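Chains as they are written, first to last, in our numbering: chain A, 10 to 186; chain B, 105 to 645. For each residue, glycine too, the CB sits at the ideal point set by N, CA and C. As the structure is a prediction and not an experimental result, all values here were calculated from the model. Here the structure comes first, spelled out in structure tokens, and everything after it is commentary.
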Ligand code: SF4
Ligand code: SF4
């Protein structure tokens with residue numbers, strides 16, 4: 010359990026963290042991402058709002074961080090298909106650490122220990138985040154293959170159906186250049 | 105040297121361009137990141153179609169090897185189209201930038217990239233129009249929102265006109281009815297004038313021109329596929345159906361997208377069509393030449409669309425049928441509904457479609473003479489002409505995805521739902537602002553459904569998937585039903601990524617499962633070979 014002083018800052022931390030995440034998008038999109046509250050009209054903004062709350066709550070309550078795998082997955086899955094590098098996609102956990110540090114004053118040895126423990130928990134989340142990110146990326150490659158196979162579901166069974174002069178070749182730059 | 109310079113904070117390290125600069129929308133800039141764009145057209149396919157400026161190039165290369173007078177060609181092309189399509193001039197002139205459309209595009213919602221706002225997508229073309237075609241723009245240039253057509257602008261066109269699925273969701277919200285899809289269509293046409301197109305559209309179009317279908321299947325191959333399906337259906341139902349191909353004098357010509365006889369899960373719906381038509385004794389035939397309802401020409405140019413569509417009426421005429429029924433396809437219906445009649449009609453050699461079973465006359469198809477299979481089947485059910493056992497679909501908890509074209513282009517909203525409610529017991533709608541006219545696109549329509557841009561498609565498909573996730577979590581939905589071949593090809597991957605545990609199926613697959621056929625054997629499996637409810641043990645013994 011984190012100290013009372015930080016507990017009071019929960020809403021501020023959350024708000025700053027969300028702002029930091031939204032700042033990774035174009036400034037022209039940030040109003041929309043923050044203000045459109047309908048979860049179906051703005052699934053990215055909604056996911057950020059919901060899952061960050063979940064994560065901060067669990068961290069501050071001293072809950073089991075393994076329960077946060079789903080929240081992390083939801084956040085990272087989205088970022089894994091947007092224009093982010095792996096480090097940009099997972100940076101938000103390090104930003105959380107920074108924000109918490111900025112919001113707290115460590116006054117006693119006990120505070121210090123609590124803080125260190127909290128940071129360690131965030132570090133564990135960051136490690137989890139890397140795994141999730143790479144799983145998402147691997148899945149994208151698997152899906153590409155799966156789709157190609159499904160498209161030719163029947164051709165697999167009966168391979169001389171297609172005439173050979175213009176198959177769907179050239180659909181890769183290697184064959185095409 | 106300060107400490108912070110020696111040890112940059114994580115944010116500093118990563119944030120080199122982490123916080124994107126606020127770019128002026130007029131400043132053209134695109135980065136062709138792997139996974140977000142489509143490969144260029146195969147020169148062989150371009151040659152086959154007689155397209156201009158055949159060459160090898162790729163979007164990632166600096167030099168797109170444009171013809172020297174590319175700019176003139178495009179501006180002339182634009183001028184010609186402004187004169188030809190009154191709607192285009194109006195769309196160019198009347199947008200008041202009210203922003204009502206801005207946050208309605210699935211690509212914008214999923215990516216946060218402002219140039220995916222429909223209003224800015226249209227502005228890509230509009231700015232050039234303003235610069236060269238309006239007096240204010242000619243004099244004031246940038247001040248009047250005009251932009252010089254340059255190579256970076258052209259590259260931006262390519263990037264963003266192939267990030268629009270021509271789904272028309274934005275137009276539903278525009279107070280002036282401006283249809284950004286039409287602007288994208290023109291944008292792509294102009295690019296094609298200088299030999300810039302994508303392979304996933306050009307090669308299927310070339311195949312279609314040559315063999316009648318996107319896959320390049322020749323007539324004997326088509327016949328084999330139909331026979332193959334008839335055999336599969338016999339294994340499941342014990343009933344031998346005899347579909348015919350190229351049979352003159354049949355009452356109905358039945359046209360389906362080619363994925364129906366090749367793709368998974370399309371194929372199971374194809375079995376459903378065969379079962380249904382056999383059961384009601386419909387006098388119908390396939391054509392081995394009009395063996396594709398889909399029309400990738402729509403995603404290329406008006407001319408290409410017309411060329412590829414012509415075969416449908418031509419075959420109907422040659423075979424001497426009375427009218428045409430079309431299968432489950434999306435953009436095929438946009439072409440048939442919106443363009444075919446004026447483009448390749450009038451089909452005055454055909455009759456107004458009339459169901460031989462119920463006597464219903466489909467007045468809505470009075471001019472095209474072609475009806476959607478969902479209309480046909482819904483009418484059969486309404487007149488109680490089918491014996492249905494919805495329990496056979498009890499393993500599925502179902503939701504329905506309105507495919508953009510049937511929903512928005514032809515208003516086919518009630519028929520599929522009516523059919524579903526009669527063939528299954530567990531049907532749940534997704535939230536209101538994600539269905540019917542407001543349906544969210546699969547993110548892969550208009551020729552973008554290929555593998556090299558999967559990342560972009562997963563972004564664009566997120567709003568759809570997010571609504572499916574809601575009914576999955578709240579009602580245990582495990583099957584997403586749709587009536588479009590592109591949806592059936594691309595939604596399975598979208599579900600795997602965003603909502604694991606939901607598979608994708610077609611409407612007539614469920615009709616076929618539920619349909620109790622005269623003289624059928626006791627069915628153990630559904631059309632996918634999965635045990636029917638209550639039959640699990642028997643099969644596993
Ligand atoms: S809603 Fe219509 S008028 Fe308003 S910005 Fe969009 S296209 Fe322009
Ligand atoms: S037509 Fe669809 S994809 Fe294109 S801009 Fe409009 S909403 Fe976006």
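Roughly how many whole angstroms lie between the Cα atoms of residue i and residue j?
{"i": "residue 54 (chain A)", "j": "residue 331 (chain B)", "result": "51 Å"}
{"i": "residue 177 (chain A)", "j": "residue 556 (chain B)", "result": "Residue confidence for residue 177 (chain A) is low, a pLDDT of 42 falling below 50, so the modelled location carries little weight; the figure read from the coordinates is stated next. Cα to Cα, residue 177 (chain A) sits roughly 14 Å from residue 556 (chain B)."}
{"i": "residue 229 (chain B)", "j": "residue 14 (chain A)", "result": "55 Å"}
{"i": "residue 448 (chain B)", "j": "residue 225 (chain B)", "result": "31 Å"}
{"i": "residue 241 (chain B)", "j": "residue 515 (chain B)", "result": "39 Å"}
{"i": "residue 273 (chain B)", "j": "residue 23 (chain A)", "result": "34 Å"}
{"i": "residue 568 (chain B)", "j": "residue 607 (chain B)", "result": "14 Å"}
{"i": "residue 627 (chain B)", "j": "residue 263 (chain B)", "result": "50 Å"}
{"i": "residue 175 (chain A)", "j": "residue 314 (chain B)", "result": "A caution first: residue 175 (chain A) carries a pLDDT of 38, below 50, which makes its placement in the model unreliable, though a value can still be read off. Roughly 9 Å separates the two Cα atoms."}
{"i": "residue 173 (chain B)", "j": "residue 297 (chain B)", "result": "11 Å"}
{"i": "residue 367 (chain B)", "j": "residue 587 (chain B)", "result": "14 Å"}
{"i": "residue 101 (chain A)", "j": "residue 48 (chain A)", "result": "21 Å"}
{"i": "residue 320 (chain B)", "j": "residue 149 (chain B)", "result": "12 Å"}
{"i": "residue 252 (chain B)", "j": "residue 603 (chain B)", "result": "44 Å"}
{"i": "residue 157 (chain B)", "j": "residue 168 (chain B)", "result": "11 Å"}
{"i": "residue 538 (chain B)", "j": "residue 211 (chain B)", "result": "14 Å"}
{"i": "residue 559 (chain B)", "j": "residue 433 (chain B)", "result": "24 Å"}
{"i": "residue 275 (chain B)", "j": "residue 419 (chain B)", "result": "35 Å"}
{"i": "residue 122 (chain B)", "j": "residue 145 (chain A)", "result": "Confidence at residue 122 (chain B) is low in this model, with a pLDDT of 46, below 50, so its placement is unreliable and no value can be given for it."}
{"i": "residue 279 (chain B)", "j": "residue 290 (chain B)", "result": "22 Å"}
Against chain B, with Cβ distances strictly below 8 Å, would residue i count as a contact?
{"i": "residue 45 (chain A)", "result": "yes"}
{"i": "residue 50 (chain A)", "result": "yes"}
{"i": "residue 24 (chain A)", "result": "no"}
{"i": "residue 80 (chain A)", "result": "no"}
{"i": "residue 138 (chain A)", "result": "no"}
{"i": "residue 133 (chain A)", "result": "no"}
{"i": "residue 15 (chain A)", "result": "no"}
{"i": "residue 127 (chain A)", "result": "no"}
{"i": "residue 142 (chain A)", "result": "no"}
{"i": "residue 121 (chain A)", "result": "no"}
{"i": "residue 42 (chain A)", "result": "yes"}
{"i": "residue 117 (chain A)", "result": "no"}
Determine, for residue i, whether the minimum Cβ-Cβ distance to residues of chain A falls below 8 Å.
{"i": "residue 470 (chain B)", "result": "no"}
{"i": "residue 630 (chain B)", "result": "no"}
{"i": "residue 593 (chain B)", "result": "yes"}
{"i": "residue 535 (chain B)", "result": "yes"}
{"i": "residue 141 (chain B)", "result": "no"}
{"i": "residue 137 (chain B)", "result": "yes"}
{"i": "residue 596 (chain B)", "result": "yes"}
{"i": "residue 218 (chain B)", "result": "yes"}
{"i": "residue 167 (chain B)", "result": "no"}
{"i": "residue 215 (chain B)", "result": "yes"}
{"i": "residue 601 (chain B)", "result": "yes"}
{"i": "residue 389 (chain B)", "result": "no"}
Give me the Cβ distance between residue i and residue j, rounded to the nearest whole Å; I'm assuming they're in contact under 8 Å.
{"i": "residue 636 (chain B)", "j": "residue 609 (chain B)", "result": "About 15 Å separates the two Cβ atoms, so there is no contact after all."}
{"i": "residue 310 (chain B)", "j": "residue 153 (chain B)", "result": "5 Å"}
{"i": "residue 589 (chain B)", "j": "residue 398 (chain B)", "result": "6 Å"}
{"i": "residue 84 (chain A)", "j": "residue 57 (chain A)", "result": "7 Å"}
{"i": "residue 127 (chain A)", "j": "residue 68 (chain A)", "result": "7 Å"}
{"i": "residue 108 (chain A)", "j": "residue 29 (chain A)", "result": "7 Å"}
{"i": "residue 350 (chain B)", "j": "residue 389 (chain B)", "result": "7 Å"}
{"i": "residue 620 (chain B)", "j": "residue 506 (chain B)", "result": "In fact, because the Cβ distance is near 28 Å, the residues do not count as touching under 8 Å."}
- Output, in sequence order along the chain, the residues in the segment 146 to 163 of chain A whose CB is closer than 7 Å to any CB in chain B. Residues of the segment 146 to 163 of chain A with a C-beta atom less than 7 Å from some C-beta of chain B are 148, 149, 152, 153, 155, 156, 157, 159, 160, 161, 162 and 163, listed in chain order.
- Task: Give the residues from the segment 347 to 379 of chain B that approach chain A closer than 7 Å (Cβ to any Cβ), ordered along the chain.
- Result: 365, 366, 367, 368 and 371
- Task: Pull out every residue of the segment 563 to 576 of chain B whose Cβ sits closer than 8 Å to any Cβ of chain A, in chain order.
- Result: 563, 566, 567, 570, 571 and 574
- Query: Would the segment 487 to 499 of chain B and the segment 621 to 638 of chain B be scored as touching if the rule is three or more Cβ pairs under 8 Å?
  - Reply: Cβ pair count under 8 Å is three or more, so yes.
- Query: Can you list, in chain order, the residues of the segment 88 to 114 of chain A whose Cβ is nearer than 8 Å to any Cβ on chain B?
  - Reply: From the segment 88 to 114 of chain A, only 90, 91, 92, 94, 96, 97, 100, 103, 104 and 107 have a Cβ closer than 8 Å to chain B.
- Residues in the segment 60 to 74 of chain A with C-beta within 8 Å of chain B's C-beta atoms, listed in sequence order? none
- Message: Quick test of the definition: if touching needs 3 or more C-beta pairs under 8 Å, does the segment 346 to 366 of chain B touch the segment 419 to 436 of chain B?
- Response: yes
- Query: Using 8 Å as the Cβ pair cut-off and three pairs as the minimum, do the segment 506 to 521 of chain B and the segment 616 to 626 of chain B touch?
  - Reply: no
- With a cut-off of 8 Å, do at least 3 Cβ pairs link the segment 381 to 388 of chain B to the segment 400 to 416 of chain B? no
- Examine the Cβ distances between the segment 454 to 467 of chain B and the segment 484 to 493 of chain B and report whether three or more of them are shorter than 8 Å. yes
- Looking at C-beta atoms only, is the number of pairs between the segment 130 to 149 of chain B and the segment 160 to 176 of chain B that lie closer than 8 Å three or more? Enough Cβ pairs lie closer than 8 Å, so yes.
- Message: Along the segment 398 to 419 of chain B, where does the CB come closer than 7 Å to a CB of chain A? Name the residues.
- Response: none
- Item | Within 9 Å of chain A by C-beta, residues of the segment 546 to 560 of chain B in sequence order | Close to chain A, meaning a Cβ-Cβ distance shorter than 9 Å, are the following residues of the segment 546 to 560 of chain B: 553, 554, 555, 556, 558, 559 and 560.
- Touch test, the segment 533 to 543 of chain B against the segment 243 to 260 of chain B, Cβ-Cβ under 8 Å, three pairs minimum: no
- Mind listing which residues of the segment 189 to 205 of chain B have their C-beta closer than 8 Å to chain A's C-betas, in chain order? none
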